[in-house]
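Residue numbers for the sequence shown follow my numbering, so the first one is 9 and each next one is one higher.
Read through the structure below, which is laid out as structure tokens, and then see the notes.
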Amino acid sequence: MFACYSRELNERTNFYLARLLDIEREKVSAANLALEKRVKERTVQLEKTNTELLNEIEANKKAEKEKKFLESELRQAQKMQAIGTLAGGIAHDFNNILFPIFAYVQMAINETSEDNKVQRYLKRVMGSAERAKDLVQQILMFARKGDQEKKPLHIQPVVKEALKLLRASIPANIEISQQIAKRSAPVLGSAIQLHQVIMNLCTNAYHAIQEKDTGCIDVQVYEQTVDSTNIAQFPNIKPGKYLCLTVKDTGIGMDESIRQQIFDPFFTTKEPGKGTGMGLSVVHGIVIDHGGYIYVQSDTSIGTQFFVLFPCIGGDLVKKEQNDTTASFKGSGEHILLVDDELDVVKALEHMLIKLGYRVTSHLSSENTLKTFQQNPNDFDLLLTDQTMPQMTGMALSKKVLQIRPDLPVIISSGYSKQLTQESMDAIGIKAFILKPITLKELGSIIKRHIICRKAKE
9 MFACYSRELN ERTNFYLARL LDIEREKVSA ANLALEKRVK ERTVQLEKTN TELLNEIEAN
69 KKAEKEKKFL ESELRQAQKM QAIGTLAGGI AHDFNNILFP IFAYVQMAIN ETSEDNKVQR
129 YLKRVMGSAE RAKDLVQQIL MFARKGDQEK KPLHIQPVVK EALKLLRASI PANIEISQQI
189 AKRSAPVLGS AIQLHQVIMN LCTNAYHAIQ EKDTGCIDVQ VYEQTVDSTN IAQFPNIKPG
249 KYLCLTVKDT GIGMDESIRQ QIFDPFFTTK EPGKGTGMGL SVVHGIVIDH GGYIYVQSDT
309 SIGTQFFVLF PCIGGDLVKK EQNDTTASFK GSGEHILLVD DELDVVKALE HMLIKLGYRV
369 TSHLSSENTL KTFQQNPNDF DLLLTDQTMP QMTGMALSKK VLQIRPDLPV IISSGYSKQL
429 TQESMDAIGI KAFILKPITL KELGSIIKRH IICRKAKE
């Protein structure tokens, strides 16, 4: 009996111990599950924190890059502002020097016969003067960086000027071809910004070709009508007439992943320090600001082609210019009041105006000009004044004169002045602006047009 009791006690003890062991196992299992859950939660939290930290680091890197870029841009802007001020001063003085050369050579050409060898010599001098004038226009590109006023213009001269600058800076082993329509409707735009678009696109093409040692940049300008027959080629564009600028290169091309990012700010495939990634972004911004569209086609085996479309405006500008060149520009003895602080310029203008059939009263001082006008305000048919003069600018003189005689046509001239904008001239009542130097025919056409307009209102 004792043996049976002992066996039963052992069995109960074993059962109890087994039960305790199961309970402990369950506790351990539950603890493990809880621990795993906490580990997973903590892991997720750590991964989230790590991702946020990486994003913050990346954002800080981008912010630092943008900061460095903006600092660089600020330094560049300050440098360009200084260069622009210097360029403007040089252009103003140089244009005043060129003006008498233009005037006297042209009048001398008119006084000689075509079969006279002297006229051939004079025409060569005029050709050199024209090249000097073009050079000054290129210098003025620096001085006008801040001038982004949009006005009707023909893009062809802007493209040609940009290509001249590019040809001088791009190696001869890279060909630049151009097919530019001679005539087209004008667009509403800023010549400075459009110049930047062309320069940036062509520079981008040059860099693409550079990696292949040789190649070609092809630039075209032509009118493009977008309608139901071809609108599929130009997504998201409004039907109408556009001026199309294309820049095509035979460079390395782009794959789709790169093509999708080329207009993003700071995106570049160049090595660090060799590019900011802002060139095409700036182009995109300018095109959109002008109400235009930009498309790109690229293949790594062929190259890249950009299509830029600007909406055309009416043809009045073209018609007006054509009428001006064919109309008679001779005067009929009208009295011109002339002022410029440069003696050579005044003498040249006097001879030109007399040659055109006008009577001239001239001064070297704006104050003396005002006194003369105040004595006999009705004795003059037009005021032709320089802008940059001591004591009183041309704008200030024009304002005082027009307060006395609001109907008097006023034409202001300058070698270069930042103060002269269309808004400021319209506010005073100035009828036209002349950028020196100017040809005899251009001067005659402008003066005759405004004298006729005044007489028509009488």
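Just so it is clear, CB atoms sit at the ideal spot from N, CA and C, and this is done for glycine as well.
Bear in mind the structure is a predicted one, so any value in this text is a computation, not a measurement.
In angstroms, rounded to a whole number, what distance separates the CA positions of aspartate 257 and threonine 308? One C-alpha to the other measures close to 11 Å.
If we call anything under 8 Å between Cβ atoms a contact, is histidine 292 one with glycine 197? Result no, Cβ atoms of histidine 292 and glycine 197 do not sit closer than 8 Å.
Helix, strand or coil for proline 414? Go by DSSP, reduced to three states. Note: proline 414 maps to coil in three-state DSSP.
In angstroms with no decimal places, state the Cα-to-Cα distance between proline 398 and lysine 125. Whole-angstrom Cα-Cα distance: 43 Å.
Please return the same chain residues whose Cβ sits closer than 6 Å to the Cβ of aspartate 485, not counting the five positions on each side in sequence. Outside the shown range of the chain (9 to 466) lies residue 485, about which nothing can therefore be said.
Lysine 190 versus Val167, Ala176 and Leu174, residue with shortest Cα-Cα distance: When only C-alpha atoms are compared, the closest one is Val167.
By Cβ distance below 8 Å, which residues in the same chain neighbour glutamine 164 in space, the five residues on each side in sequence not counted? Shown here for glutamine 164: same chain residues with a beta carbon closer than 8 Å to its own, the five before and five after excluded, namely Ile188, Ala189, Lys190, Ser192 and Val229 in chain order.
Nearest-angstrom Cα separation, counted from lysine 444 out to alanine 111: Going by the C-alpha atoms only, they are around 11 Å apart.
Under a Cβ-count criterion, where at least 16 other Cβ atoms within 10 Å of its own Cβ denotes burial, should lysine 220 be classed as buried or exposed? Exposed.
Straight-line gap, valine 195 to glutamate 66 (C-alpha atoms, nearest Å): Straight-line measurement puts the Cα of glutamate 66 at about 43 Å from the Cα of valine 195.
Over what stretch of residues does the alpha helix (DSSP H) that includes arginine 309 continue unbroken? According to the sequence shown, residue 309 is serine rather than arginine. Neither: serine 309 is in no alpha helix (DSSP H) and is coded neither H nor E.
Of all the options Gly223, Glu231 and Asp235, which has the alpha carbon lying nearest to the alpha carbon of glycine 261? Minimum Cα distance to glycine 261 is reached at Gly223.
Under the three-state DSSP convention, the category isoleucine 446 falls into: Note: isoleucine 446 maps to coil in three-state DSSP.
Across which residues does DSSP place threonine 377 in a beta bridge pair? Answer is none; threonine 377 lacks a bridge partner.
Where valine 234 and glycine 300 are concerned, what is the direct C-alpha to C-alpha distance, given to the nearest angstrom? About 13 Å.
Proximity test, Cβ basis, 8 Å: histidine 343 and chain C: Protein chain content of the structure displayed is limited to a single chain, and chain C is not contained in it.
If you measure between the beta carbons of leucine 410 and isoleucine 344, is that distance less than 8 Å? No.
How would you label phenylalanine 3, buried or exposed, when you count the other beta carbons within 10 angstroms and need 16 or more for buried? Residue 3 falls outside the range modelled here, since the chain spans only 9 to 466, and no answer is possible.
Just list the residues that DSSP pairs histidine 215 with in beta bridges. Paired residues: none, contrary to the question.
By a C-beta neighbour count over all protein chains shown, 10 Å radius and 16 as the cutoff for buried, is lysine 75 buried or exposed? Flag for lysine 75 reads exposed.
When burial is assigned at 16 or more other CB atoms within 10 Å of the CB, is glycine 154 buried or exposed? Because glycine 154 sits at a pLDDT of 48, beneath the cut-off of 50, its placement in the model cannot be relied upon, and the following sentence gives the value as read from the coordinates. Glycine 154 should be labelled exposed.
If you draw a straight line from the C-alpha of isoleucine 105 to the C-alpha of asparagine 244, how long is it? Taking the straight line joining both Cα atoms gives about 51 Å.
With distances taken from CA atoms, which of Lys56, Val144 and Val353 is nearest phenylalanine 102? Nearest C-alpha to phenylalanine 102: Val144.
State the start and end residues of the unbroken alpha helix (DSSP H) segment that holds leucine 372. Unbroken run through leucine 372: none, as it is neither H nor E.
Using only the alpha-carbon positions, how far apart do leucine 39 and lysine 45 sit? It should be pointed out that residue 39 corresponds to alanine in this sequence rather than to leucine. Taking the straight line joining both Cα atoms gives about 10 Å.
In whole angstroms, what is the alpha-carbon distance linking lysine 35 and threonine 21? The alpha-carbon atoms of lysine 35 and threonine 21 are separated by roughly 21 Å.
Go ahead and pull the three-state DSSP assignment for proline 319. Here proline 319 sits in strand by DSSP.
What number of angstroms, rounded off, separates the C-alpha of histidine 359 from the C-alpha of leucine 161? Looking at the two C-alpha atoms, the distance is approximately 32 Å.
Less than 8 Å separating the beta-carbons of lysine 363 and methionine 115? Yes; because the gap between Cβ atoms is below 8 Å, this pair is in contact.
Look at the Cβ atom of glycine 339, then the Cβ atom of lysine 249, and state whether they are nearer than 8 Å. Remark: C-beta atoms of glycine 339 and lysine 249 do not approach each other more closely than 8 Å.
Should aspartate 142 go down as buried or exposed, given a rule of 16 or more other Cβ atoms within 10 Å for buried? With fewer than 16 Cβ atoms within 10 Å of its Cβ, aspartate 142 is classed as exposed.
Under three-state DSSP, which class holds arginine 191? It is coil, neither helix nor strand.
Run the CB neighbour count on serine 185, radius 10 Å, all protein chains shown included, and call it buried at 16 or more, exposed below. Around the beta carbon of serine 185, fewer than 16 other beta carbons sit within 10 angstroms, so the residue counts as exposed.
What three-state label does DSSP hand lysine 159 in the structure shown? The answer is strand: DSSP assigns lysine 159 an E or B state.
Cut-off 6 Å between Cβ atoms - residues of its own chain near isoleucine 436, not counting five sequence neighbours on either side: Apart from the 5 residues on each side of it in sequence, isoleucine 436 sits with its Cβ closer than 6 Å to the Cβ of Ser406 and Lys407 in its chain, given in chain order.
DSSP three-state assignment for threonine 401, whether helix, strand or coil: The answer is coil: DSSP assigns threonine 401 none of H, G, I, E or B.
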